[in-house]
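Report on the following structure.
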Amino acid sequence: MNNNLRRFFGYILVFFCAVGYLIYRYVYLDPVTDFHKEILVTVAFAVLSTCVLGIYETIKCQGKYFWTSVRCSIIIPNQITYVSLSYLMRIKLSGTERYLLVKGSKVDQYQPVGGVYKIVGNKDIYKDWEAHPKSDEKNPDDLRFFVKTKYIPEIIRWFKSRKDRENGVWREFQEELLETKILRRENFKTIRAEYLCSHENILSKQNRFKNEKYHTLIYDIFQIELDQNQFQEMKRLLARDTFTSQYAFVTKDEIEKECFNDHKLRIGQHTKFTI
Numbered sequence: 000m001n002n003n004l005r006r007f008f009g010y011i012l013v014f015f016c017a018v019g020y021l022i023y024r025y026v027y028l029d030p031v032t033d034f035h036k037e038i039l040v041t042v043a044f045a046v047l048s049t050c051v052l053g054i055y056e057t058i059k060c061q062g063k064y065f066w067t068s069v070r071c072s073i074i075i076p077n078q079i080t081y082v083s084l085s086y087l088m089r090i091k092l093s094g095t096e097r098y099l100l101v102k103g104s105k106v107d108q109y110q111p112v113g114g115v116y117k118i119v120g121n122k123d124i125y126k127d128w129e130a131h132p133k134s135d136e137k138n139p140d141d142l143r144f145f146v147k148t149k150y151i152p153e154i155i156r157w158f159k160s161r162k163d164r165e166n167g168v169w170r171e172f173q174e175e176l177l178e179t180k181i182l183r184r185e186n187f188k189t190i191r192a193e194y195l196c197s198h199e200n201i202l203s204k205q206n207r208f209k210n211e212k213y214h215t216l217i218y219d220i221f222q223i224e225l226d227q228n229q230f231q232e233m234k235r236l237l238a239r240d241t242f243t244s245q246y247a248f249v250t251k252d253e254i255e256k257e258c259f260n261d262h263k264l265r266i267g268q269h270t271k272f273t274i
């Protein structure tokens with residue numbers, strides 16, 4: 000349990016003690032001495048005010064993750080949760096209303112360019128959170144792992160801090176579009192990526208993996224802003240082929256339907272987050 004929650008439950012305990020005293024004072028205590036009238040009642044109301052303010056500030060500090068913190072710390076602390084922290088890129092070709100997707104390497108579907116963030120620096124998630132990696136020996140630094148639910152609030156805070164992890168999108172852009180020769184390097188020596196939003200699915204009931212009870216998935220969404228040369232290359236790519244075994248230009252409607260080419264080809268469900 001983190002310090003904010005300890006403080007919250009401390010305020011709750013003291014609050015009910017003060018309420019209990021006031022009930023005793025006004026309902027059961029008779030006769031009432033001046034000590035109760037002038038000192039203890041005043042102290043009790045001051046304590047109530049302090050507790051209410053403290054409870055409010057604690058909930059405000061946790062924000063939308065307050066109930067998540069309570070669940071993880073009190074209700075389901077030792078349940079196993081699969082965590083994936085990743086980013087997706089919206090690459091939209093203006094004027095055509097089409098989105099560039101790539102063929103998935105592990106799943107037979109088309110999906111946005113992107114992938115799982117990697118750890119950078121000295122962060123040791125296996126020591127700090129007792130994490131167990133998803134079986135992928137080639138990518139031990141991927142932020143994709145199994146962990147006890149009690150660590151989820153801390154993991155979210157750490158992820159939001161952006162410390163000791165990747166923050167850019169260049170690695171996956173290069174691996175999925177340049178190394179595969181879908182796009183030419185000379186026009187994509189650099190890219191401009193604008194952060195748009197994050198989509199979160201915290202503690203959803205799942206059992207895809209052994210002993211797992213929940214999924215916690217966070218996707219950061221970035222818009223790739225194309226310069227003139229990059230835009231023209233994208234147009235040439237679209238004019239050559241709407242889709243190949245490597246990439247596809249699809250419409251918003253096709254993304255929402257999760258398929259294209261007369262329902263023969265699949266689009267990843269998470270692609271919807273980029274439209």
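Take 0 as the starting number for the sequence shown in numbering that gives the first Met the number 0 and just add one per residue.
Here a beta-carbon is modelled for each residue, glycine too, at the ideal position from N, C-alpha and C.
**Study point:** Stretch-stretch touch, CB-based, cutoff 8 Å, three pairs: the region 220-230 with the region 81-95
**Key:** yes
Exercise for review: Within 10 angstroms of the Cβ of D219, are there 16 or more other Cβ atoms? Answer buried if so, exposed if not.
Suggested key: Indexing the sequence shown from 1 puts residue 219 at position 220. Buried: at least 16 other Cβ atoms inside 10 Å.
**Study point:** Residues of its chain near L216, where Cβ-Cβ distance is below 6 Å and the 5 sequence neighbours each way are ignored
**Key:** Position 217 of the sequence shown holds residue 216. Closer than 6 Å at Cβ, skipping near neighbours: S83, N200.
Review point. Which runs of the beta strand (DSSP E), 3 residues or longer, sit entirely within the region 44-95?
Key: 79-89
Point to revise | Sequence-distant residues of the same chain with beta carbon closer than 8 Å to R184, five excluded per side | key: Sequence index remark: in the sequence shown, residue 184 carries index 185 (1-based). Same-chain partners within the cutoff: L177.
Practice item. Inspect the beta-carbon positions of V115 and D141 and report whether they are closer than 8 Å. Key: Along the sequence shown, one-based indexing puts residue 115 at 116. Along the sequence shown, one-based indexing puts residue 141 at 142. Result yes, Cβ atoms of V115 and D141 sit closer than 8 Å.
Exercise for review: Report the rounded CA-to-CA distance for Q108 versus E129, giving the unit in angstroms.
Suggested key: In the sequence shown, counting from the first residue as 1, residue 108 sits at position 109. In the sequence shown, counting from the first residue as 1, residue 129 sits at position 130. If you take the alpha carbons of Q108 and E129, they lie about 33 Å apart.
Review point. Hey, which unbroken runs of the alpha helix (DSSP H) at 4 residues or more fall wholly within the region 199-264?
Key: 227-239, 251-256
Practice item. Return the CA-CA distance between R70 and P76, expressed in angstroms with no decimal places. Key: Residue numbering aside, residue 70 sits at position 71 when the sequence shown is read from its first letter. Residue numbering aside, residue 76 sits at position 77 when the sequence shown is read from its first letter. In a straight line, the C-alpha of R70 is about 7 Å away from that of P76.
**Study point:** Minimum Cβ-Cβ distance from H198 to chain C less than 8 Å
**Key:** In the displayed structure, chain C is absent; only one protein chain is listed.
Check your understanding: In terms of residue numbering, what span does the beta strand (DSSP E) encompassing F145 cover?
Key -> If you number the sequence shown from 1, residue 145 lands on position 146. Here the beta strand (DSSP E) through F145 covers 143-147.
Practice item. Ignore the nearest five residues each way along the sequence and tell me which others in I79's own chain have a CB closer than 8 Å to its CB. Key: Position 80 of the sequence shown holds residue 79. Hits under 8 Å: F145, V146, K147, T148, N210, E211, K212, Y213.
Check your understanding: Does the distance from the C-beta atom of K271 to that of I254 stay below 8 Å?
Key -> Position 272 of the sequence shown, counted from the start, is the residue given in the question as residue 271. Position 255 of the sequence shown, counted from the start, is the residue given in the question as residue 254. Their beta carbons are under 8 Å apart, which means K271 touches I254 by this criterion.
Review point. By DSSP, does E165 sit in helix, in strand, or in coil?
Key: Counting from one through the sequence shown, the residue named residue 165 turns up at place 166. Looking at E165 - three-state DSSP - the assignment turns out to be coil, as it is neither helix nor strand.
Point to revise | Residues near Y20 in its chain [Cβ-Cβ closer than 8 Å; skip 5 each side] | key: Taking the first residue of the sequence shown as 1, we reach residue 20 at position 21. Closer than 8 Å at Cβ, skipping near neighbours: L39, A43.
Check your understanding: Mind checking whether T189 and Q245 have CB atoms under 8 Å apart?
Key -> Locating residue 189 in the sequence shown gives position 190, where the first residue counts as 1. Locating residue 245 in the sequence shown gives position 246, where the first residue counts as 1. Against a cut-off of 8 Å, the Cβ pair of Q245 and T189 comes out as no contact.
Exercise for review: Enumerate in chain order the residues of its own chain whose CB-to-CB distance from N186 is below 7 Å, with the five nearest sequence positions on each side excluded.
Suggested key: The sequence position of residue 186 within the sequence shown is 187, counting from 1. Same-chain partners within the cutoff: N228, Q229, E232.
Exercise for review: Could you spell out where the beta strand (DSSP E) holding Y98 opens and where it closes?
Suggested key: Residue mapping note: residue 98 aligns to position 99 of the sequence shown, counting from 1. Start and end: 97-102.
Practice item. Can you tell me which of V112, W169, L202, R191 puts its alpha carbon nearest to the alpha carbon of I154? Key: For the purposes of this step, residue 154 is identified with residue 155 of the sequence shown, where counting begins at 1. When each option's Cα is compared against that of I154, the closest is L202.
Exercise for review: Take G53 as the anchor and find which of T273, Y10, A17 has the nearest alpha-carbon.
Suggested key: Within the sequence shown, residue 53 is the residue found at index 54, counting from 1. Ranking the options by Cα distance to G53, first place goes to Y10.
Review point. For H198, which residues of its own chain have a beta-carbon under 6 Å away from its beta-carbon, when the five flanking residues on both sides are left out?
Key: For this step, residue 198 is matched to residue 199 along the sequence shown. The residues are Y218, F272.
Review point. When you compare each of N3, Y81, I118, T32 to E165 by their alpha carbons, which one comes out closest?
Key: Residue mapping note: residue 165 aligns to position 166 of the sequence shown, counting from 1. It is I118 whose Cα lies nearest to the Cα of E165.
Review point. What whole-angstrom Cβ distance do V113 and Y86 have, given they're in contact under 8 Å?
Key: Translated into positions along the sequence shown, residue 113 becomes position 114. Translated into positions along the sequence shown, residue 86 becomes position 87. Here the sequence assigns Gly to residue 113, which means Val is not the residue at that position. Confirmed, about 5 Å.
**Study point:** Buried or exposed by the 16-neighbour rule on C-beta atoms within 10 Å, applied to P139
**Key:** For the purposes of this step, residue 139 is taken as the residue at position 140 of the sequence shown. Its Cβ having fewer than 16 others within 10 Å, P139 is exposed.
Review point. Any idea what DSSP makes of V40, helix, strand or coil?
Key: Numbered from its first residue, the sequence shown carries residue 40 at position 41. Of the three classes helix, strand and coil, the one that applies to V40 here is helix, per DSSP.
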